[in-house]
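Here the sequence shown is numbered in the numbering used here, starting from 3 and rising by one per residue. Every residue, glycine too, gets a C-beta built ideally from N, C-alpha and C. Model, not experiment: these values are computed from the prediction.
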Amino acid sequence: MPMGDGDSLPRQAEAFLSAHPGATLVALGSGEHAGALNLSPLGVPVTFLPAERNVDLAMQYLALNQLAFGGIGVPRWVLSDLYLLPGAIGLLRCPARMLPATVQERLGVTGEAPAIGAAYYASPSLTPGLFIGVSLLSMLPGTGASPWVKALTLQMLRARRLRGVAQWDNPSVRVHSRLGPMRLVGRVPGGHEYGERSFVYESELADLTRLGDAMARRLTLAPTLRVSATDLPALSDLLDRAEAGELLHLVYPGLDAGQVLVREGPLD
C-alpha cells in the first residue's frame, strides 16, 4: 500500500498489516515479563504467549532461526537461557500458505495453520532503555516484514536506543537503515565469526516522527562518503574515526551497488 506524506508511523504499521491479511504480532517470552511489555506498540495489538507453556512455538522459532543462519543458528539452551528467560521475541505470525514451500515442509505446516513468518529478538542491556539487536529473520521476502517486525518489536520492548552488529557487505544493512541513520560506534567487542567485516552501530528510536519518516523513506540524507564494502582497510579507518568520537552515520539504504553510504558530521 503506498504511503503518503501524511502517514504517521502507527498508520504505516496499520497499512502494513492490512496488506497482509492474517498476519498478527505475537510476543514469546518468560511469563514474568508480560507486564513490562507494551502490548499495543504503535496501536498494533500483541498477543503475549508465555514460553513456559508454548514450547511448540519456541521450537518452531528455533527451527526457523537455524534454517536462516545455518552454523551460527541459536542453540536450544541459548534460546531458553538468553532469549526467552530475560526477554521476549517479537513474532510476526501468518497463515502457513504465505511461506515458501520449502519452509512449510521444514516446519510441517500448510494452508491456514499459523506459522512464524518473521521474527526479531533484541536483548536488554545494563543501560536503561538500550537494547542490543541479536537476531532478525524473515521468511516473507518482498513483503517488508523485516523492518516492520524489527520496528514493532522494539516499540513493544519500550526501547529508546538500539545497538547492533552488522557486516558491511550484508544486505541486512538496508533493513537496519530503514529505521533511520545508523551511527557507527566501533568494532565488535570480544570475538565474532565475522569480526573483520563487522561493526557496531546505534539507532535512535525515541523520536517517532523521524522514525516514521525513515520507515516511509521520506528521511533523505545524502552520503558524503562512499566506501567499497570489500575495502576492509578503509572501513577499519572509519571505525578508528568513530571510536575517536567522530560522528559518522550509515544513511539509507546503507549499502548500494557494493558501496557503504556514510554521512560525516552532525545529521542536521
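Reduced DSSP secondary structure (H/G/I, E/B, other) of residue i
i: residue 73; result: helix
i: residue 255; result: strand
i: residue 181; result: helix
i: residue 105; result: helix
i: residue 148; result: helix
i: residue 30; result: strand
i: residue 137; result: strand
i: residue 262; result: strand
i: residue 4; result: Confidence at residue 4 is low in this model, with a pLDDT of 37, below 50, so its placement is unreliable and the value that follows should be read with caution. Residue 4 falls in the coil class under three-state DSSP.
i: residue 173; result: coil
i: residue 119; result: strand
i: residue 126; result: strand
i: residue 99; result: helix
Where residue i falls, given that 16 or more other Cβ within 10 Å makes a residue buried
i: residue 130; result: exposed
i: residue 71; result: exposed
i: residue 76; result: buried
i: residue 11; result: buried
i: residue 49; result: exposed
i: residue 228; result: exposed
i: residue 74; result: exposed
i: residue 224; result: exposed
i: residue 66; result: buried
i: residue 42; result: exposed
i: residue 264; result: buried
Among the options, the one whose alpha carbon lies nearest that of residue i
i: residue 9; options: 177, 211, 119 and 184; result: 211
i: residue 222; options: 256, 58 and 116; result: 256
i: residue 205; options: 124, 199, 36 and 76; result: 124
i: residue 262; options: 183, 100 and 101; result: 183
i: residue 198; options: 61, 31 and 239; result: 239
Cβ pair count under 8 Å reaching 3, the segment 9-20 against the segment 143-163: yes
Segments of 4+ residues assigned as alpha helix (DSSP H) that fall wholly inside the segment 45-96: 57-71
Beta strand (DSSP E) segments (min. 3 residues) lying fully within the segment 210-250: 227-230
The segment 24-38 contacting the segment 88-101, beta-carbon criterion three pairs below 8 Å: yes
Any 3 or more C-beta pairs closer than 8 Å across the segment 161-172 and the segment 230-240: yes
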